[in-house]
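The sequence shown maps to residues -19 to -1, 1 to 320 in mature numbering (1 follows the signal peptide of the UniProt record, and there is no 0).
All C-beta atoms in this analysis are idealised placements derived from N, C-alpha and C, irrespective of residue type, glycine included.
A quick write-up on the structure given underneath.
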Amino acid sequence: MKAIAILALASSAAAFAAGDIDLNETTAGLLQGPERKLLTNAQVQSIHNDADINRYCHWANGGYLQTLKRGKYAASKFHNCFRTSDQIFAYVDELVKQNPTLLKREKISCTVRGKPIYAYKLTSGRSKKKSLYFQSLAHAREWIAGSSNLYALSSILDDIANGKKTAADKFNLYFVPIVNIDGYDISWTNGKRLQRKNANEVDLNRNWLQFTTNPKTKIPLTDETYPGPRPASEPETQGIAKWLHEKNSELSGWVDVHSVLGAILYPYGDTKDRIGNGDDEKFQRLGRNVAAAAGRNYRSQTAGSFGVAYGAFDDYLYRTYKKPVVTIEVAGRHFVAHV
């Protein structure tokens, strides 16, 4: 979970980049890995047992809040397991408590079930800086995306405490650990480990305003990429869109963390057409830089090259604000990953 190099965006933020897209999986496809090989019964059972395995990990790696120390957050036992939403927020709130001048929490939206969605703003040095935004777990089952985002935040705080240069020297950084809190909580319940959508069974990464027409006019609720009854129908999307609009003058770029393709994706995702005006080359350069920093042969390409999708976070932001947006797909063989 610690392999991803999210911080690479900071060194490349002057260039354009972006994008996200998940493969349009069918329900049957969920029982396959990204390589599309049918999983064995034992592998399927391990998926169903994943939450219990991590609960045992919690028991074996408890007491971390009491032992958290500035400069050593990334070494905390918190990162030895995938954590529940309550554990995640308790951990980050403790980071806020220990770093009151660096880290602030603010509510940016809410979920279908009324849970607050928080962004944590990291500010170091000059206060009047542009900002970057990092979000994860729009898709509930992608646990490694959330853990990677949290590990990045912990590592930056460690580097600040230890006097090292960080992305926070040049930018204010917003971290949203969990976008889809309801769906994430559902993914911890029996038989629901592969939950992708929110509590209304809407794919939050297909629920944004669409700028191109989806030829598939009727998508059933049971589809893994069901976009909702209309664009921005979900409270999660509505609140985040409003907050991002209010922060537009401050924000220079966005990162959406997903799994498991091992790729850096940038616009467009809703068409295979080029952007034009030189932006394609800027996106390609930024994508290559982030991929090189991430390592492990991360590839960089347009989101649409995996398959056209509509109503995604990255396309909405780029088409609306014409600023860098990149989707980092953490590498893995399946959504159920080892710690």
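- When rounded, the separation of the alpha-carbon atoms in residue 268 and residue 308 is 9 Å.
- Looking at the DSSP output, residue 156 bridges to 101, 115.
- Per DSSP, the continuous beta strand (DSSP E) segment holding residue 234 begins and ends at 232 to 241.
- Assignment of residue 90 by DSSP, reduced to helix, strand and coil, places it in the strand class.
- The continuous beta strand (DSSP E) containing residue 281 extends over residues 280 to 283.
- Where residue 311 is concerned, the enclosing beta strand (DSSP E) starts and stops at 306 to 312.
- Residue state for residue 246 is assigned as strand, using DSSP reduced to three classes.
- Counting other Cβ atoms within 10 Å of its Cβ, residue 210 stays below 16 and is therefore classed as exposed.
- Contact annotation, residue 49 with residue 101: C-beta distance approximately 15 Å; criterion of less than 8 Å not satisfied.
- A contact is defined here as three or more CB-CB pairs under 8 Å, and the segment 54 to 66 fails this definition with respect to the segment 192 to 210.
- Taking C-beta atoms as the reference points, residue 158 and residue 117 count as a pair closer than 8 Å.
- It is roughly 23 Å from the alpha-carbon of residue 42 to the alpha-carbon of residue 137.
- With a threshold of 16 other beta carbon atoms within 10 Å, residue 227 falls short and is exposed.
- For residue 85, the beta-bridge partners assigned by DSSP are 102.
- By the neighbour-count definition (other C-beta atoms within 10 Å, threshold 16), residue 106 is an exposed residue.
- It is roughly 12 Å from the alpha-carbon of residue 88 to the alpha-carbon of residue 95.
- In the three-state reduction of the DSSP assignment, residue 56 falls in the helix class, which pools H, G and I.
- The segment 265 to 285 and the segment 241 to 250 touch, with no fewer than 3 CB-CB distances between them shorter than 8 Å.
- In this structure residue 202 is exposed. Its beta-carbon is surrounded by fewer than 16 other beta-carbon atoms within 10 angstroms.
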